[in-house]
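Novice: The sequence shown begins at 1052 in my numbering and counts up one residue at a time.
Positions of the beta carbon are idealized from the N, C-alpha and C atoms, including for glycine.
Quantities reported herein were computed from a predicted structural model and do not represent experimental measurements.
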Amino acid sequence: MSSFGKHRFRNRLVAIGAMTMAMSMMLAGCGGSKEPTTNAQGQPIITIAVAKHPLTKKISKMKWPKQLEKECGCEIHWQEASSDWDQKKQAMLAAGDVPDLILKGINLADIATYSTLFEDLSQDLDKMPNVKKMFNTDPTAKQVVSMPDGKIYILPAVKKGIWPKAVSHMYINKQWLDTLGLKVPTTWDELEEVLKAFKTKDPNGNGQADEIPFDFQSPGTGGFGDYQPTLLLGSLGIVTSVGGGQGFYADKGKVKSFLTDDRYKELIQYLNRLWGEGLIAKDAFTHDYSKSQSTARGQGDKAKIGFTWGWTASDRFGDKLAGQYVAMPQLKAKADQNPDELVYDTQGDRLDYSEFALVVSAKSKNKETAIKVANAFYGQDMSLQMLWGDLGTDVQKTGPDSYKVLPPADSTKDPSTWKWTETLADDSPYWIRPNLKIELPADLEEVKGQEQPLEPALANVDPKLDVIPGALKYSSEDQTTMQNNNTTLMNTAMTKFAQWVTKGGVDQDWDNYVQTLKKANLDQNIKLVQKAYDQYYSKN
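1. For the 8 angstroms Cβ check, are there 3 or more pairs between the segment 1232-1244 and the segment 1506-1520?
2. Is the beta carbon of proline 1095 closer than 7 angstroms to that of asparagine 1417?
3. Please determine if the segment 1570-1587 and the segment 1328-1342 are in contact, where contact requires at least 3 C-beta pairs separated by less than 8 angstroms.
4. From lysine 1590 to threonine 1191, what distance separates their C-alpha atoms?
5. Quick check on the DSSP output: the beta strand (DSSP E) that includes alanine 1132 runs from which residue to which?
6. Here's the rule: buried if 16 or more other CB atoms are within 10 angstroms of the residue's CB, otherwise exposed. What is leucine 1573?
7. Kindly identify the DSSP beta-bridge partner or partners of tryptophan 1482.
8. Quick check on asparagine 1576: does DSSP put it in helix, strand or coil?
9. Between the Cα of glycine 1440 and those of Ala1425, Asp1477 and Asp1517, spot the shortest distance and give me the residue it belongs to.
10. Helix, strand or coil, according to DSSP, for alanine 1583 in the structure here?
11. Specify whether the segment 1108-1123 and the segment 1479-1486 touch according to this definition: at least 3 beta carbon pairs, one from each stretch, less than 8 angstroms apart.
12. In angstroms, rounded to a whole number, what distance separates the CA positions of methionine 1074 and alanine 1248?
13. Are the Cβ atoms of aspartate 1517 and alanine 1301 separated by less than 7 angstroms?
14. Let me check understanding here. Comparing Cα to Cα, which of Gln1259, Asp1513, Pro1215 and Cys1123 lies closest to aspartate 1391?
15. For the segment 1292-1336, list the beta strand (DSSP E) runs that are entirely contained and at least 3 residues long, ordered along the chain.
16. What is the DSSP secondary structure of alanine 1427, counted as helix, strand or coil?
17. Helix, strand or coil: which one does DSSP assign to phenylalanine 1275?
18. My understanding is that tryptophan 1394 touches glycine 1285, with C-beta atoms under 8 angstroms, so please give their C-beta distance in whole angstroms.
19. Using 7 angstroms as the threshold, is the C-beta distance between glycine 1296 and glutamine 1279 below it?
20. With distances taken between CB atoms, is the gap from isoleucine 1153 to aspartate 1266 smaller than 7 angstroms?
21. Which residues in the same chain as leucine 1361 place their Cβ atom closer than 7 angstroms to its Cβ, once the five residues preceding and following it in sequence are excluded?
22. Which residues share a DSSP beta bridge with leucine 1143?
23. What runs of the alpha helix (DSSP H), each 4 residues or longer, lie entirely inside the segment 1154-1238?
24. I'd like to know whether the C-beta atoms of serine 1412 and aspartate 1189 end up nearer to each other than 7 angstroms.
25. Leucine 1242: which of Ser1197, Lys1342 and Lys1385 sits nearest, CA to CA?
26. Quick one: residues in its chain with C-beta nearer than 8 angstroms to the C-beta of alanine 1425, no 5 flanking neighbours on either side, listed in chain order?
27. Does the Cβ of serine 1269 have 16 or more other Cβ atoms within 10 Å, making it buried, or fewer, making it exposed?
28. From methionine 1072 to leucine 1119, what does the alpha carbon distance come to, in whole angstroms?
29. Once DSSP output is grouped into helix, strand and coil, what is the label at lysine 1590?
30. Quick one: what does DSSP say glutamate 1406 is sitting in, helix, strand or coil?
31. With DSSP as the reference, label proline 1507 as helix, strand or coil.
32. Which stretch, first to last residue, makes up the alpha helix (DSSP H) that contains proline 1116?
33. Is there contact here, the segment 1541-1553 with the segment 1427-1434, by at least three beta-carbon pairs under 8 angstroms?
34. Under a three-way DSSP split, which group does glutamine 1108 fall into?
35. Can you give me the Cβ contacts of methionine 1077 inside the same chain, cut-off strictly under 7 angstroms, excluding the 5 residues immediately before and after it?
36. Are the CB atoms of leucine 1568 and threonine 1311 within a distance shorter than 7 angstroms?
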């Protein structure tokens, strides 16, 4: 499964209150003085906190951490968190006590507010030959994490040229269509008619009304993400990124928000009609990832889902059912629509570069070793293991600069699920060097073919003028302003989206809703994103 529907919206501020002290005590020793700094053998102890995907096994079950300890001559203590990471992170940041290193969990928004807690690694590059070589080889890798003043608090993950343009691909059950004598829909209205047939005509042939015509990943409280119905905004000419995020998009270089756009309202009206006809999963706004994934994988050879989004067919539906589905092009909102008006969600620099892979504590008691460990993550072999799993089990080294990503050792798992089970995967620190010859896993080969139907819509997207980069930088003041504004903006927008889709009322509420967002300083946030967008491209 792609990382990008699982980790994008971490800018949410969590109410801390009394929890802060408790969490701080639990995490004591991150950088504090109560924990020993060396082991019985006199080796430095390095504490690393990591925000793991819920599927990922315990780090003690992986081989590469022992290799890391051996290479750096240290003992590593791991603090592993998954769904509760945001709470733990906010407690750590508020207490000002962070571990020696943090993997995956700190982003540029955190740096804007808490930069003093983290080491400025631009001063340490001579001690980090792997990182220095990465920046020299790929200057964009350095640019995406460099602050306006040149300081570098976060190291990236870099896999340029390997991933596709999009993460969320659109799928429909072709076997159901064939059973019912239907064609792949090309418009919103045609999709609606197909979904009605899926609901009423028992296309999976088990004699039960258990088909779910349309399902999607539940939108979060902090904004939209991958595999969510805002992807259909591309039918109306709006280029989303990561499914829409907090509503910002670029239109010929001008930053706008679709949250108050009439085209967003049009999408909501359409979704509400589908909901009223019982065509959308009843738990689409409440199920977690695991439940949604389980439902999509059906029972045996009987599929449950008709239409949805996913990374690949095998990832979404499992190997047994994947063959029933075909990937789809972007739908037209109306039959007479010009195909040149169709666009699709585009990730921009986010797929080549993740800008929140690793940070080092400014207060580390073993800073030299911490920097050494940080550099070691970017070693050639280590990078392959961070992304795909242990050498020998998950990755085979076939030559000095060649590798083969092996099929899952568990034949019941698809390659993308297996990757997330075996290692820290996409947003862990790594640099996949451009000169390497890599026999890629089956899911990346699969996704290339399944992205082809989207190519016409993707070709209508200008990668600079129509896409907001993922690595925008904000000053501490601007970041605080946006976060304060977002408390009302996101609470209002995400609550209303779910309410309007499931209960209706968008027509009556729309004008008051737009005024509420304007009063909550939506226009101010748009200006701040525009400022960061302009600054980003002034240096590119």
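Specialist: Taking the geometry as given:
1. no
2. yes
3. no
4. 10 angstroms
5. 1126-1132
6. buried
7. Val1209
8. helix
9. Asp1477
10. helix
11. no
12. For methionine 1074, the predicted model reports a pLDDT of 38, less than 50, meaning its position is unreliable; a value from the coordinates is still stated below. Cα to Cα, methionine 1074 sits roughly 51 angstroms from alanine 1248.
13. yes
14. Asp1513
15. 1299-1302 and 1305-1308
16. helix
17. strand
18. The displayed chain sequence assigns valine, not tryptophan, to residue 1394. So it is a contact: roughly 5 angstroms between Cβ atoms.
19. no
20. no
21. Checking the displayed sequence, the identity of residue 1361 turns out to be glycine instead of leucine. Only His1220, Tyr1222, Tyr1278 and Arg1367 meet the Cβ criterion.
22. Correcting the residue identity first, residue 1143 is methionine in this sequence and not leucine. DSSP output for methionine 1143 lists no bridge partner at all.
23. 1159-1165, 1180-1188, 1190-1194 and 1225-1231
24. no
25. Lys1385
26. Leu1152, Leu1172, Met1179, Val1182, Leu1206, Leu1409, Val1411 and Pro1480
27. buried
28. With a pLDDT of only 35 at methionine 1072, under 50, the local geometry of the prediction cannot be trusted, and no value is derived from it.
29. coil
30. strand
31. helix
32. 1115-1123
33. no
34. For clarity, residue 1108 is lysine in the given sequence; the question names glutamine instead. If DSSP states are grouped into helix, strand and coil, lysine 1108 belongs with coil.
35. With a pLDDT of 40 at methionine 1077, under the threshold of 50, the modelled position of this residue cannot be trusted, and the question is left open.
36. yes
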